[in-house]
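Peer 1: Residue numbers (my numbering): 285 to 472.
Where a beta carbon is used, it is the ideal one built from N, C-alpha and C, also for glycine.
Treat the numbers as computed from the prediction; the structure is a model and nothing was measured.
The following block contains the structure, expressed as structure tokens.
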């Protein structure tokens, strides 16, 4: 009888340790995934002054647009936490779109090799940020699920594990599928 009770206690302790270690592992993965996002965002922040400087030379009277990009960059760099960071990043992305729209109005800007390289690099960084965001959100989903489900929720509450925020696209326009309309030039 004593051996059975001891075996039950040992199994219980092993299960608790396994749940705790699983929570710790997911917490560390969340921290690591967030650090990956930070690295990609920092790379993008570092490119923005070069982009603004390049555009300034060709579209000097577009000062308001360029100042908007700089302000959005500074706001994004100062934002703390996934929700605030996501909101600031959405504003920065919108501001960058305006800069790239300038290239349509200034054909000589499109011909500048440094602008084209910056545009390509930023596009690649956007892909990297999107991949890092997906990975982070997947790990957050796993951690939040483990914190919420029984019996690991008991262990999570005992040891103070907290759910994490997702890094989401906050602007509804970002979620919409672009509408494409083809108009033919054929006479009717």
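Drop a sphere of 10 angstroms on the beta-carbon of residue 318, count the other beta-carbons inside from all chains shown, and report buried for 16 or more, exposed for fewer.
Peer 2: When all chains shown are included, residue 318 counts as buried.
Peer 1: What number of angstroms, rounded off, separates the C-alpha of residue 373 from the C-alpha of residue 293?
Peer 2: For residue 373 and residue 293, the distance between alpha carbons rounds to 50 Å.
Peer 1: In angstroms, rounded to a whole number, what distance separates the CA positions of residue 287 and residue 442?
Peer 2: So the two alpha carbons sit approximately 28 Å from each other.
Peer 1: Below 8 Å on the Cβ atoms is my contact criterion, and I expect residue 445 with residue 421 to pass it. Report the Cβ-Cβ distance as a whole number of Å.
Peer 2: In fact, because the Cβ distance is near 18 Å, the residues do not count as touching under 8 Å.
Peer 1: Mapping the DSSP letters down to three states, classify residue 446 as helix, strand or coil.
Peer 2: Correct three-state label for residue 446: coil.
Peer 1: Under the three-state reduction of DSSP, which class applies to residue 339: helix, strand or coil?
Peer 2: Correct three-state label for residue 339: helix.
Peer 1: Could you check whether residue 343 and residue 390 sit closer than 8 Å to each other, using their CB atoms as the reference points?
Peer 2: Taking 8 Å as the Cβ cut-off, residue 390 and residue 343 qualify as a contacting pair.
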